[in-house]
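According to the numbering used here, the sequence shown is numbered sequentially starting from -11.
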Amino acid sequence: MDRRFLTVVSLSLLFALVVAGVFYQMVAGAAKAPKPQKIDMREVVVAARALPVGITIKPADVKLAKVPASQVPPGVFTRAEEVFDRPVISSILPDEPIREGRVAARGSGVGLAPVIPPGMRAVAVRVNEVVGVAGFVLPGMRVDVLVTGRPPNQADTVTTTVLQNILVLSAGHQIEPDARGNAINTPVVTLLVTPEQAEILTLAG
């Protein structure tokens, strides 16, 4: 028999054995590979849209979403009806799970009433157009209150900080009459303050 032929046959057999061995290892490894574990999912109540402070939650405001059980925050609601008709006391972002500490109890009041602790006051303050219209002040932010005016017997205006680190409860506009009695749209923020701070705001205004 031709030696060259025998060499070709031997190499072919060796290659076939190598391929068969590799294939066997792949099949055996796949058989031994652990099956992926099934993740335990839980349904929780999340916000269907941004929920600002002061609104009362309605069915259209929330939805159910599935999250891994290991990632369920403490105090989160699991049934939508548990949050219906409850006032929001801390702004909630879209798709954020709704937790017990973010809503007040049913019947605790509407608007800003549920978010005002005993002994505190909610005071509405007019702000200038730069702050109000630009939207720099949002509910939940903490701000400093500055007053700009011209002291007696001085030609220049002076800006003074009268309060610091004050919580903003709401921000928006209200209709007020101007000096001529015409209705104007005025930027207003509502601040959470102590009675003493409320007096300072009143005097500063």
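Backbone N, C-alpha and C fix where the C-beta goes; we use that ideal spot for every residue, glycine too.
Where residue i falls: helix, strand or coil (DSSP)
| i | result |
| --- | --- |
| residue 126 | coil |
| residue 188 | helix |
| residue 84 | coil |
| residue 56 | strand |
| residue 28 | coil |
| residue 49 | helix |
| residue 91 | strand |
| residue 64 | strand |
Exposure of residue i, with buried meaning 16 or more beta-carbon neighbours within 10 Å
| i | result |
| --- | --- |
| residue 85 | buried |
| residue 147 | exposed |
| residue 45 | buried |
| residue 196 | The structure shown does not extend to residue 196, since the chain spans only -11 to 193, so no value can be given for it. |
| residue 75 | buried |
| residue 77 | buried |
| residue 157 | buried |
For residue i, the nearest candidate out of the options (CA to CA)
| i | options | result |
| --- | --- | --- |
| residue 57 | 47, 80, 31 | 31 |
| residue 132 | 178, 38, 139 | 178 |
| residue 107 | 183, 141, 25, 28 | 183 |
| residue 50 | 36, 153, 143, 27 | 36 |
| residue 96 | 130, 114, 43 | 43 |
| residue 62 | 27, 89, 145 | 89 |
| residue 105 | 155, 14, 48, 192 | 155 |
| residue 71 | 48, 59, 54 | 48 |
| residue 83 | 25, 191, 55 | 55 |
| residue 175 | 141, 137, 113 | 113 |
| residue 41 | 91, 144, 140 | 91 |
Neighbourhood of residue i by C-beta, 6 Å cutoff - its chain only, sequence neighbours within 5 removed
| i | result |
| --- | --- |
| residue 111 | 179, 181, 186, 189 |
| residue 64 | 32, 85, 87 |
| residue 151 | 133, 185 |
| residue 153 | 130 |
Neighbourhood of residue i by C-beta, 7 Å cutoff - its chain only, sequence neighbours within 5 removed
| i | result |
| --- | --- |
| residue 159 | 125, 126, 127, 177 |
| residue 81 | 35, 38 |
Neighbourhood of residue i by C-beta distance below 8 Å, restricted to the same chain and skipping five residues each side
| i | result |
| --- | --- |
| residue 207 | No information on residue 207 is available, as it lies outside the stretch -11 to 193 that the chain covers here. |
Bridge partner(s) assigned by DSSP for residue i
| i | result |
| --- | --- |
| residue 157 | In the DSSP output, where bridge partners are listed per residue, residue 157 has none listed. |
| residue 148 | 135 |
| residue 40 | In the DSSP output, where bridge partners are listed per residue, residue 40 has none listed. |
| residue 110 | 180 |
| residue 75 | 44 |
| residue 35 | 50 |
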